[in-house]
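Single-structure report; data block below.
There are 2 protein chains.
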Amino acid sequence: MAAAVAASAAKRIKATSVITFVTGNANKLREVKTILGDGFPFEVTSRGVDLPELQGEPDEVAREKCRLASESVKGPVMVEDVSLCFNALGGLPGVYIKWFLQKLGHDGLNRMLAGWEDKSAKAVCTYAFCAGPGKEIHIFPGIVEGTIVPARGPPDFGWDAVFEPKGSDKTYAELDSETKNRISHRGAAIRMLKAFLEERGDAVLGSASSE
Amino acid sequence: MAAAVAASAAKRIKATSVITFVTGNANKLREVKTILGDGFPFEVTSRGVDLPELQGEPDEVAREKCRLASESVKGPVMVEDVSLCFNALGGLPGVYIKWFLQKLGHDGLNRMLAGWEDKSAKAVCTYAFCAGPGKEIHIFPGIVEGTIVPARGPPDFGWDAVFEPKGSDKTYAELDSETKNRISHRGAAIRMLKAFLEERGDAVLGSASSE
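Just so you know, the sequences run in chain order A and B.
Take UniProt numbering: the last position of the first sequence gets the number 211, and nothing is skipped along the way.
Take UniProt numbering: the last position of the second sequence gets the number 211, and nothing is skipped along the way.
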């Protein structure tokens, strides 16, 4: 009986302290941990889960991805989804940016806007967190305003070379990683998630593990 | 015992003769039935099923949609997916065309191509058929080559007003429905599906219902 209680308590502690970052990209876990910092009160691990890639608005896609991830992992999860939203195109390509980058390259992303004066865009990184299957899904959208420009800087980091954040004379690709983390859409989203979990993490994770 | 055999036989006959067209659009069932014609040897009904809208190439999206539909319906299903693929954009917007039409309208679809000389496009209608959960998925891609043009004809049927099929001096929207069915991507896909089911339907549906 005592052993069972102890095992149950151990299970509860484990359930309250480990959050699974569902991603196939090990670099992202490192990036997230850097921004969460040493004092972050929960353990974050990563796991690749084969989730369907859905169509829709950035928030909806992140929400559904998080829901599916929580059902697969059966515990607390966080997921990330990135969009590049051209204002002239009503927010598109949005969540489909990776396909447009793949097919059109940096030059093609610029050419898509040839018919419009407005070259402004939003870089959106949406984190979603869920304490477990059936639990509320919390959305943290990091949004950076900027402009689509001809590529400058190292070309290998997705669309970083064609996005110039507002108020900067450099593209994302031209910034050092510390500066980029400080001003980027991803940094903003992770800091929101961090603040939420530092404030409310015990409450939302505790209620998940008591079931 | 005799009753059980009769019930089983009735179940088998039902399973071999009814194909569920999974769509939320009752008009599409009517359109499909018109093209399948009176002599089509299987009954086709329709049902709305809440399926996720997935990202990917047209064939992949139709295949996965059909797989999920067969699992939901637990019987023979067919599904449809439509893409509009701009050649200058490496096939995009493709399966995402409905979002681009919604956000940009007819004029915006033309303006997206302002940066390219090549205004050619493919209208793709992909039917997928599956005899039941876990069964082989058959893909029938109807493809019509054409050009993206400033809108002409009634503007209410999706992107019909901006697509001019090759060899025609009319847009889809300017064609009467009989002519459109004869030359359209949807007509082509349904005729392929029809030919397949007339040839192989008994075999593929029979093997599904015997399990």
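Just so it is clear, CB atoms sit at the ideal spot from N, CA and C, and this is done for glycine as well.
Considering just the uninterrupted stretch of the alpha helix (DSSP H) at Pro58 of chain B, what are its terminal residues? As a first step, residue 58 of chain B must be located in the second sequence, where it is residue number 58. Its alpha helix (DSSP H) spans residues Pro58 to Val73.
Under 8 angstroms between C-beta atoms, does Val49 of chain B make it to chain A? Here residue 49 of chain B refers to the residue found at position 49 of the second sequence. False, the Cβ-Cβ gap to chain A never drops below 8 angstroms.
Contact set between the segment 58-69 of chain A and chain B, restricted to residues whose Cβ is under 8 angstroms from the partner: Glu64
Please go through the same chain and pick out, in chain order, the residues whose beta-carbon is closer than 6 angstroms to the beta-carbon of Glu71 of chain B, but skip the five residues on each side of it. Stepping through the second sequence from its first residue, residue 71 of chain B is reached at position 71. Answer for Glu71 of chain B: Pro133, listed in chain order.
For a contact meaning CB atoms closer than 9 angstroms, what does Ala173 of chain A contact in chain B? Along the first sequence, read from residue 1 onward, the residue named residue 173 of chain A stands at position 173. Those do not exist, as Ala173 of chain A stays about 22 angstroms from chain B at its closest Cβ, beyond 9 angstroms.
Opposing strand residues paired with Gly142 of chain B [DSSP bridges]: The residue given as residue 142 of chain B occupies position 142 in the second sequence. Answer by DSSP bridge pairing, in chain order: B:Cys125.
Extent of the continuous beta strand (DSSP E) run through Val77 of chain A: Taking the first sequence and counting its residues from 1, one reaches residue 77 of chain A at position 77. Residues Val77 to Phe86.
Could you check whether the Cβ of Gly142 of chain A sits closer than 8 angstroms to any Cβ belonging to chain B? Looking up residue 142 of chain A in the first sequence gives position 142. Cβ-Cβ to chain B under 8 angstroms: no for Gly142 of chain A.
Quick one: list the residues of chain B neighbouring Leu104 of chain A, beta-carbon separation under 7 angstroms, in chain order. Locating residue 104 of chain A in the first sequence gives position 104, counting from the first residue. By Cβ distance, chain B contributes Leu89 and Gly90.
Cα-Cα separation between Val204 of chain A and Ser17 of chain B, rounded to whole angstroms: Translated into the one-based positions of the first sequence, residue 204 of chain A becomes position 204. Translated into the one-based positions of the second sequence, residue 17 of chain B becomes position 17. Those two C-alpha atoms are separated by around 51 angstroms.
Can you tell me where the beta strand (DSSP E) holding Val22 of chain B begins and where it ends? Numbered from 1 along the second sequence, position 22 holds the residue referred to as residue 22 of chain B. Run containing Val22 of chain B: Val18 to Val22, per the beta strand (DSSP E) assignment.
Nearest-angstrom Cα separation, counted from Val44 of chain B out to Lys33 of chain B: Here residue 33 of chain B corresponds to residue number 33 of the second sequence, with the count starting at 1. Here residue 44 of chain B corresponds to residue number 44 of the second sequence, with the count starting at 1. One C-alpha to the other measures close to 8 angstroms.
Looking at Cys130 of chain A: is its Cβ nearer than 8 angstroms to the Cβ of Val77 of chain A? Position 130 of the first sequence, counted from the start, is the residue given in the question as residue 130 of chain A. Position 77 of the first sequence, counted from the start, is the residue given in the question as residue 77 of chain A. Cβ distance < 8 angstroms, so Cys130 of chain A and Val77 of chain A count as in contact.
Range of the contiguous beta strand (DSSP E) that encloses Thr45 of chain B: Position 45 of the second sequence holds residue 45 of chain B. That run of the beta strand (DSSP E) goes Glu43 to Arg47.
Please confirm whether Ala203 of chain A has its beta-carbon closer than 8 angstroms to some beta-carbon of chain B. Along the first sequence, read from residue 1 onward, the residue named residue 203 of chain A stands at position 203. False, the Cβ-Cβ gap to chain B never drops below 8 angstroms.
Can a CB atom of chain B be found closer than 8 angstroms to the CB of Phe100 of chain A? Numbered from its first residue, the first sequence carries residue 100 of chain A at position 100. Chain B contact via Cβ: present.
Helix, strand or coil for Phe157 of chain A per DSSP? As a position in the first sequence, residue 157 of chain A is number 157, starting the count at 1. Coil at Phe157 of chain A, not helix or strand.
Would you mind reading off the limits of the alpha helix (DSSP H) that contains Glu199 of chain A? Looking up residue 199 of chain A in the first sequence gives position 199. His185 to Ser209 is the span of the alpha helix (DSSP H), which, as asked, contains Glu199 of chain A.
Closest to Thr126 of chain A by C-alpha separation, out of A:Pro93, A:His138 and A:Lys74, would be which residue? In the first sequence, counting from the first residue as 1, residue 126 of chain A sits at position 126. Closest by alpha carbon: A:His138.
Proximity of Ala121 of chain B and Gly105 of chain B at Cβ, strictly below 8 angstroms: Position 121 of the second sequence, counted from the first residue, corresponds to residue 121 of chain B. Position 105 of the second sequence, counted from the first residue, corresponds to residue 105 of chain B. No, Cβ-Cβ distance for Ala121 of chain B and Gly105 of chain B is not below 8 angstroms.
Out of A:Ala189, A:Val79 and A:Ile19, state which residue places its alpha-carbon closest to the alpha-carbon of Ala123 of chain A. As a position in the first sequence, residue 123 of chain A is number 123, starting the count at 1. The shortest Cα separation from Ala123 of chain A among A:Ala189, A:Val79 and A:Ile19 belongs to A:Ala189.
Which class does Val162 of chain B belong to by DSSP, given the choice of helix, strand or coil? As a first step, residue 162 of chain B must be located in the second sequence, where it is residue number 162. Residue state, collapsed to three classes: helix.
Looking at chain B, which residues of the segment 176-193 of chain A have a Cβ within less than 8 angstroms of any of its Cβ atoms? none
Take Phe40 of chain A as the anchor and find which of A:Glu198, A:Arg152 and A:Asp202 has the nearest alpha-carbon. Here residue 40 of chain A corresponds to residue number 40 of the first sequence, with the count starting at 1. Ranking A:Glu198, A:Arg152 and A:Asp202 by Cα distance to Phe40 of chain A puts A:Glu198 first.
Give the interface partners of Trp116 of chain A over in chain B, defined as CB-CB distance under 7 angstroms, in chain order. Reading the first sequence from its first residue, position 116 is the one you call residue 116 of chain A. Per Cβ cutoff of 7 angstroms: Arg111.
Please name the residue in A:Arg200, A:Phe100 and A:Ile143 whose C-alpha comes closest to that of Pro93 of chain B. Position 93 of the second sequence, counting from 1, holds the residue named residue 93 of chain B. Ranking the options by Cα distance to Pro93 of chain B, first place goes to A:Phe100.
Residue range of the alpha helix (DSSP H) that includes Trp99 of chain A: Your numbering for residue 99 of chain A matches position 99 in the first sequence. Residues Ile97 to Arg111.
Contacts that Glu53 of chain A makes with chain B (C-beta to C-beta distance below 9 angstroms): The residue labelled residue 53 of chain A in the question sits at position 53 within the first sequence. Ordered by position in chain B, the residues that pass the 9 angstroms Cβ test against Glu53 of chain A are Leu54, Gln55 and Gly56.
Integer Cβ distance of Lys194 of chain B from Leu29 of chain B, believed to fall under 8 angstroms: Position 194 of the second sequence, counting from 1, holds the residue named residue 194 of chain B. Position 29 of the second sequence, counting from 1, holds the residue named residue 29 of chain B. Actually they are not in contact, since the Cβ atoms of Lys194 of chain B and Leu29 of chain B sit about 15 angstroms apart, beyond 8 angstroms.
Can you tell me whether DSSP reads Ser120 of chain B as helix, strand or coil? On the second sequence, position 120 is the one that residue 120 of chain B refers to. If DSSP states are grouped into helix, strand and coil, Ser120 of chain B belongs with the strands.
Reducing DSSP to helix, strand and coil, say where Thr34 of chain A ends up. Locating residue 34 of chain A in the first sequence gives position 34, counting from the first residue. If DSSP states are grouped into helix, strand and coil, Thr34 of chain A belongs with the helices.
On the premise that Phe157 of chain A lies in contact with Phe196 of chain A, defined as a C-beta separation below 8 angstroms, what is that separation, rounded to the nearest angstrom? If you number the first sequence from 1, residue 196 of chain A lands on position 196. If you number the first sequence from 1, residue 157 of chain A lands on position 157. Contact flag wrong, Cβ pair sits at about 27 angstroms.
Have a look at Lys74 of chain A and Gly187 of chain A and give me their C-alpha separation to the nearest angstrom. The residue given as residue 74 of chain A occupies position 74 in the first sequence. The residue given as residue 187 of chain A occupies position 187 in the first sequence. Their Cα atoms are separated by approximately 27 angstroms.
Contacts that Tyr127 of chain A makes with chain B (C-beta to C-beta distance below 8 angstroms): Here residue 127 of chain A corresponds to residue number 127 of the first sequence, with the count starting at 1. None at all; the shortest Cβ gap to chain B is about 19 angstroms.
Short Cβ contact (8 angstroms threshold) for Ile148 of chain A with Pro165 of chain A: Within the first sequence, the letter at position 148 stands for residue 148 of chain A. Within the first sequence, the letter at position 165 stands for residue 165 of chain A. In this structure, Pro165 of chain A does not lie closer than 8 angstroms to Ile148 of chain A by Cβ.
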